[in-house]
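Have a look at the structure below, then the notes.
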Amino acid sequence: EACQAKMHGWSNMSKEDRDQFFLDRQNILVPELMKSLSAGQQCRIPNPIQTFQQAFHDYPDLMRGFHRQGFTEPTPIQCMAWPILMAGLDFIGIAQTGTGKTLAFLLPGFVHLEGQTKPRNQRRGPTVLILSPTRELATQIQTECERFSYHGIRCVCVYGGADRRTQLKKLEEGCDVVVATPGRLNDLLDSGKIS
Ligand code: AMP
C-alpha cells in the first residue's frame, strides 16, 4: 500500500527546462512507458526534483540524515525516482553502480513503510522487500539501510552460504525491511519462516 507522500515545489517546470535538466544530468532518459496505458487512463510522469527539500520537506529526520552524511544534492537518479516513488507510482530505475540507486528506492520505502494504515502488529512479515542478485550487493544495501537509520526501522539481510539460524533469529526479533537473495528467500518462504 503506497501512501501519497507530500512533495514541494517540483511540479511547475516547463518542458524545455525539464529537457535541459535531464541533459545536464548524464542525459537522463524517461521513456514514456505510460503510453501503454489504455485510452482514457491518465498518468503524468512527475517532473524531477532538484533539492532534498523538494522531496523530503515533511520528513525532517530524513533531511537531517542528508546533512549528517554531508550530501549536498540529489544524484540524477534520485531527482527522477523520488517524485515518482513518493507519489506511489511504480518505477524502474537503471543506473550504474555508485550513482545513489539504493537511497533512490530506500528512502521512499521508509516513508511508505511509516505511512501504512494497517498497524504494524496486524501486518504479517516484513513490509519492504529488497531483492538482490548477489550476497555482496545484499550486504551493501543493508549497510546503506543502517547508515541511514530512520525511526528505528529494522533491516535484516538474508542470503545463502551463511548460517540460516542466525538469519532466522534476526527475522524473529523483528524486521521491517528484508534484503534477500532469491534462493534464501525462497527457502524461507517454502519453510513458512517468512511471509
Ligand atoms: P549506491 O549507488 O546506492 O551504491 O550509492 C553509492 C554511494 O553514494 C553510497 O555510499 C551512498 O551513501 C552515496 N550517496 C547516495 N546518495 C548520495 C547523494 N545524494 N550525495 C552524495 N552521496 C550519495
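Numbering of the sequence shown is given in my numbering, commencing with residue 3 and proceeding in unit increments. Yeah, the Cβ is synthetic: ideal placement off N, Cα and C, and Gly gets one too.
* Continuous alpha helix (DSSP H) stretch holding L115: start and end -> To locate residue 115, count along the sequence shown from 1; it is residue 113. From DSSP, the alpha helix (DSSP H) with L115 extends over 103 to 116.
* **Own chain, CB closer than 6 angstroms to R156, minus 5 neighbours either side, in chain order** => By one-based count along the sequence shown, residue 156 stands at place 154. Only G176, C177, D178 meet the Cβ criterion.
* Asked: Near C81, what residues of its chain come up, given a Cβ to Cβ distance below 8 angstroms and the 5 sequence neighbours on each side ignored?
  -> Stepping through the sequence shown from its first residue, residue 81 is reached at position 79. So the list reads F23, R27, I30, P50, I51, Q52, once near-sequence residues are dropped.
* State the Cα-Cα distance for the pair I96 and I86, rounded to the nearest angstrom. => Position 94 of the sequence shown, counted from the first residue, corresponds to residue 96. Position 84 of the sequence shown, counted from the first residue, corresponds to residue 86. One C-alpha to the other measures close to 14 angstroms.
* Asked: For E75, which residues from the same chain have a beta carbon less than 8 angstroms from its beta carbon, with the 5 sequence-adjacent residues on both sides left out?
  -> One-based indexing of the sequence shown puts residue 75 at position 73. Around E75: Q52, T53, F54.
* Asked: Can you name, in chain order, every residue of its own chain whose Cβ lies under 8 angstroms from the Cβ of K195, other than the five neighbours on each side?
  -> Residue 195 sits at position 193 when you count from the first residue of the sequence shown. Correct list, in chain order: L170, L173.
* Give the DSSP-derived three-state secondary structure of L139 in the structure shown. => As a working note, residue 139 is residue 137 in the sequence shown. If DSSP states are grouped into helix, strand and coil, L139 belongs with the helices.
* DSSP state of C177 mapped onto helix, strand, coil -> One-based indexing of the sequence shown puts residue 177 at position 175. Coil.
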